Amino acid sequence: MTAIRNNRASPDDALTNIVEGNGRKSAVRLHQLRYFVAAVDYGSFRKAAAALAIQESSISRRIRDLEDELGASLFVRYAGGVRLTVAGREFLRNTRHALRQIDIGVTKVAAVGRAEQGLVKVGIFSSLASGFLFDLLRAFGSRHPKVQLDIIDGSPPEHVAAVRNLNLDVAFITGMPAWDGCEAEHLWCEKVFLVLPDDHPLADKPDLGWADLASERFIVSDGAPGLEIHEYLVARLAGLGRKVEIQTQQVGRDNILSLVAVGQGLTLTSEATTVAQFPGIAYRELAGEVLPFSMIWSAINDNPACRRLLSLARAASKQA
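Heads up, the sequence shown is in this note's numbering, so the first residue is 4 and it goes up one at a time.
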């Protein structure tokens with residue numbers, strides 16, 4: 004016996020095409036679905052039209068067009084109003100679900116647009132222990148508690164490449180250079196501090212300059228900001244007539260400070276780090292040394308939450 008298939012789309016199939024966009028072109032529009040649900044809820048086209056502030060003829064025509072598109076009658080019309088057909092009851096279940104999902108999506112997108120939700124990927128080079136960056140991120144978190152902040156450590160070149168490729172939304176790095184493909188703005192400055200053992204002879208000296216450090220051994224980490232500290236030391240000490248002794252250690256920022264405490268060498272750090280206390284070390288300011296910090300971002304980045312962070316950073320910089 005040969006089975007005969009009905010190629011006419013069922014109401015469920017038509018709604019799937021509307022919501023999932025599976026490629027079949029459909030004349031069904033979102034407002035028709037809302038009119039359909041309103042007619043069900045109010046039991047008549049007249050009452051639904053009044054609730055929606057439209058003409059009764061408009062809602063009647065749109066629902067008739069919807070039925071033509073679906074190939075099935077959704078309502079039985081009678082003098083007192085309308086009632087659902089069997090096809091209409093099945094279509095209603097799926098339509099309510101679809102409209103609910105659309106409304107949820109609209110609400111979420113609107114929240115992202117207002118920066119009430121979302122994600123900002125932030126590259127950092129300075130410590131978050133204290134200072135401008137700590138205060139900025141705390142203020143942003145307080146104002147936008149549902150926005151997630153992903154913090155990524157790295158060097159300026161790494162961050163610049165990530166910003167260009169939109170893998171980072173914004174980065175806060177040292178210096179004020181011009182980077183191709185990035186916007187940049189100076190925000191704040193931090194003093195430079197020498198990190199040394201607390202029993203080192205220089206720990207008791209009130210004013211430290213580069214001449215005091217000419218014969219010292221330094222250590223830096225192999226990760227950020229080790230390379231930048233290495234270059235900074237070479238630039239400052241090379242003119243003192245002595246070979247600069249700098250050793251690279253395969254450890255992170257915190258463990259470098261512990262190595263200083265056990266006498267492996269001295270290192271440098273920025274002002275924000277000095278709030279962190281480690282046993283056996285002391286921080287001493289280097290006279291006249293200041294590090295400028297800038298934020299960089301891409302002009303084509305359209306992340307609303309990132310834009311809010313940029314604006315807050317500018318405002319905080321003016322008040323600093």
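C-beta: ideal position from N, C-alpha, C; glycine also. Only a predicted model underlies this, so the values are computations on that prediction, with no experimental measurement involved.
* Asked: Is it buried or exposed for LEU222, if we count other Cβ within 10 angstroms and need 16 for buried?
  -> Sequence check: residue 222 is Ile here, not Leu. Buried is the call here.
* Asked: Out of TYR38, VAL85, LYS50, which has the shortest C-alpha to C-alpha gap to ARG65?
  -> If you compare the alpha carbons of TYR38, VAL85, LYS50 with that of ARG65, the shortest gap goes to TYR38.
* To do: Take every Cβ of the stretch 198-217, pair it with every Cβ of the stretch 276-294, and state whether three or more of those distances are shorter than 8 Å.
  => yes
* By how many angstroms is the C-alpha of PRO209 removed from the C-alpha of SER145? -> Across the structure, SER145 and PRO209 are spaced so that their CA atoms are roughly 39 Å apart.
* **Simplified DSSP assignment, three categories, for ALA42** => helix
* Drop a sphere of 10 angstroms on the beta-carbon of LEU294, count the other beta-carbons inside from all chains shown, and report buried for 16 or more, exposed for fewer. => buried
* To do: Taking all protein chains shown into account, decide if VAL173 is buried (16 or more other Cβ within 10 angstroms of its Cβ) or exposed.
  => In the assembly as shown, VAL173 is a buried residue. Its beta-carbon has 16 or more other beta-carbons within 10 Å.
* Is the beta carbon of ALA184 less than 8 Å from the beta carbon of ARG167? -> The residue asked about is misnamed: residue 184 is Gly in this sequence, not Ala. Contact flag set, yes.
* Out of VAL79, LYS149, ARG245, LEU269, state which residue places its alpha-carbon closest to the alpha-carbon of GLY332. => The requested residue 332 does not occur in the structure, where the chain is confined to residues 4 to 323.
* To do: State the start and end residues of the unbroken alpha helix (DSSP H) segment that holds HIS147.
  => Segment: none, HIS147 is in no alpha helix (DSSP H) and carries neither H nor E.
* Which residues in the same chain have their Cβ closer than 8 Å to the Cβ of LYS321, if we skip the five residues on either side of it in sequence? -> Nothing listed; no residue qualifies.
* **Contact set for LYS246: own chain, Cβ-Cβ below 8 Å, skip 5 residues either direction** => none
* Same chain, Cβ closer than 7 Å to SER261, five either side skipped, listed in chain order -> Hits under 7 Å: PHE281.
* **Three-state class that DSSP yields for SER261 in the structure shown** => helix
* Kindly give me the distance between the Cβ atoms of LEU190 and ASP153, rounded to whole angstroms, as I take these residues to be in contact under 8 Å. => At roughly 20 Å, the Cβ-Cβ gap does not stay under 8 Å, so LEU190 and ASP153 are not in contact.
* **DSSP state of LYS50 mapped onto helix, strand, coil** => Correct three-state label for LYS50: helix.
* **Residue closest to ILE259, alpha-carbon to alpha-carbon, out of SER224, PHE143, GLN35, SER301** => SER224
* CA-CA distance, PHE296 and ILE176? -> 6 Å
* Note the first and the last residue of the continuous beta strand (DSSP E) segment covering SER2. => The question about residue 2 has no answer, for the chain in this structure spans 4 to 323.
* Asked: Curious, which full-length beta strand (DSSP E) runs of at least 3 residues does the stretch 49-88 contain?
  -> Inside the stretch 49-88, DSSP marks whole beta strand (DSSP E) runs of 3 or more residues at positions 78-81, 84-87, from first to last along the chain.
* Asked: For SER76, which of GLY91, GLY242, GLY83 has the nearest alpha-carbon?
  -> GLY91
* Assigned secondary structure, LYS28 (DSSP; H/G/I helix, E/B strand, else coil) -> Low per-residue confidence applies at LYS28: pLDDT is 48, beneath 50, and the placement is therefore not dependable enough to give any value.
* To do: Label LEU139 either buried or exposed according to how many other C-beta atoms from any shown protein chain fall within 10 Å of its C-beta, with 16 as the threshold for buried.
  => It counts as buried.
* Near ALA41, what residues of its chain come up, given a Cβ to Cβ distance below 7 Å and the 5 sequence neighbours on each side ignored? -> ALA51, ALA54, LEU55
* Asked: Around the C-beta of GLN253, are 16 or more other C-beta atoms found within 10 angstroms, so that it is buried, or is it exposed?
  -> exposed
* Between GLU219 and chain C, is there a C-beta pair that is closer than 8 Å? -> In the structure shown, chain C cannot be found, because there is only a single protein chain.
* Residues near THR251 in its chain [Cβ-Cβ closer than 8 Å; skip 5 each side] -> ILE222, VAL223, SER224, ASP225, GLY229, HIS233
* **Beta-carbon gap between LEU169 and SER301 smaller than 8 Å** => yes
* Who does MET298 pair with in a DSSP beta bridge? -> According to DSSP, residue pairing for MET298 in a beta bridge involves PHE175, GLU188.
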